[in-house]
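Numbering (my numbering), first residue to last: 105 to 368.
For each residue, glycine too, the CB sits at the ideal point set by N, CA and C.
What you are looking at is a predicted structure, and each value in this text was computed from that prediction instead of being measured.
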């Protein structure tokens, strides 16, 4: 998979599901947004960049606490949908939206006090380049805060969980373990100040339909869950259990990590 193909897949996929992501309770609500606020301690004079803003929920959460938020996304439809939600529907006046590639940010060096990226980095073909770009546009002493899917440390289990996510969403490039996130931050010149793992439970059908999965894909996802190694089942916690997975009441968890690093 080339970088171009991966980005085109993301743009095409999310052009079709922008409103679903604005309305998604998984993205709009949750203790993870509170954790993020507590970790970064936003200040009234801060200028913030929210990368791959999606439905705009992180930008909306930060806006009351800072001077300005610039929210960017690769997908035109997502930018327009998020702008209508945050600015028109919610009435936020200090948030602006524009198109931008997370790996080639169109901003000058040292422009921001905080860069955020929530539940999006698994789409980036070159995550280390995204981190480098975030560090470049941060002021000295500024913070990068990333939340994303996190994988088990054991490689074979990590690959299985990642493939489950990719089957549902072909624009999913890859997720990482906590150790890999720490290494990428440190390689990018950031001192890791906070990490926190958490889980999010998803209704299986809602989760799959948000990406317009076909019935065939639903069947393949169910088969993957039923055939998963025991360690993966323990990680994903299917409800009521893996053998009865796939109905409208079934659910599972995926694991997230929040990592906050400071530019030295």
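Taking the CB atoms as reference points, tell me whether residue i and residue j lie closer together than 9 Å.
i	j	result
residue 369	residue 303	Here the chain has residues from 105 to 368 only, and residue 369 is not among them.
residue 151	residue 245	no
residue 144	residue 296	no
residue 178	residue 149	no
residue 328	residue 267	yes
residue 136	residue 251	yes
Skipping 5 residues on each side, what residues in its chain have a beta carbon closer than 7 Å to that of residue i?
i	result
residue 106	Residue placement at residue 106 cannot be trusted, given a pLDDT of 47 that sits under 50; the coordinates are not used to answer.
residue 131	Residue placement at residue 131 is flagged as unreliable, the pLDDT there being 47, under the threshold of 50; the coordinate-derived value follows with that caveat. Excluding residues within five positions, the ones whose Cβ falls inside 7 Å are 125, 158, 159, 161 and 223.
residue 264	332, 333 and 336
residue 173	152, 154, 163, 166, 167, 198 and 199
Tell me which residues share the same chain as residue i and place their Cβ nearer than 8 Å to its Cβ, disregarding the 5 neighbours each side in the sequence.
i	result
residue 317	272 and 325
residue 320	none
Shortest alpha-carbon distance to residue i belongs to which of the options?
i	options	result
residue 241	220, 225 and 226	220
residue 352	312, 339 and 358	312
residue 281	292, 293, 226 and 243	226
residue 235	211, 275, 212 and 294	294
residue 247	292, 253 and 233	292
residue 287	171, 147 and 231	231
Would you list the residues sitting across from residue i in a DSSP beta bridge?
i	result
residue 208	205
residue 97	Here the chain covers residues 105 to 368 and nothing more, so residue 97 does not appear.
residue 199	173
I want to see whether chain C comes within less than 9 Å of residue i, judged by CB atoms only; does it?
i	result
residue 250	Among the chains of the structure shown, chain C does not appear; only one protein chain is present.
Beta-carbon within less than 6 Å of residue i's beta-carbon, same chain only, minus the 5 sequence neighbours each way: which residues are those?
i	result
residue 350	326
residue 233	207
residue 239	292, 293 and 367
Would the region 185-196 count as touching the region 249-259 if we require 3 or more Cβ pairs under 8 Å? No, the region 185-196 does not touch the region 249-259.
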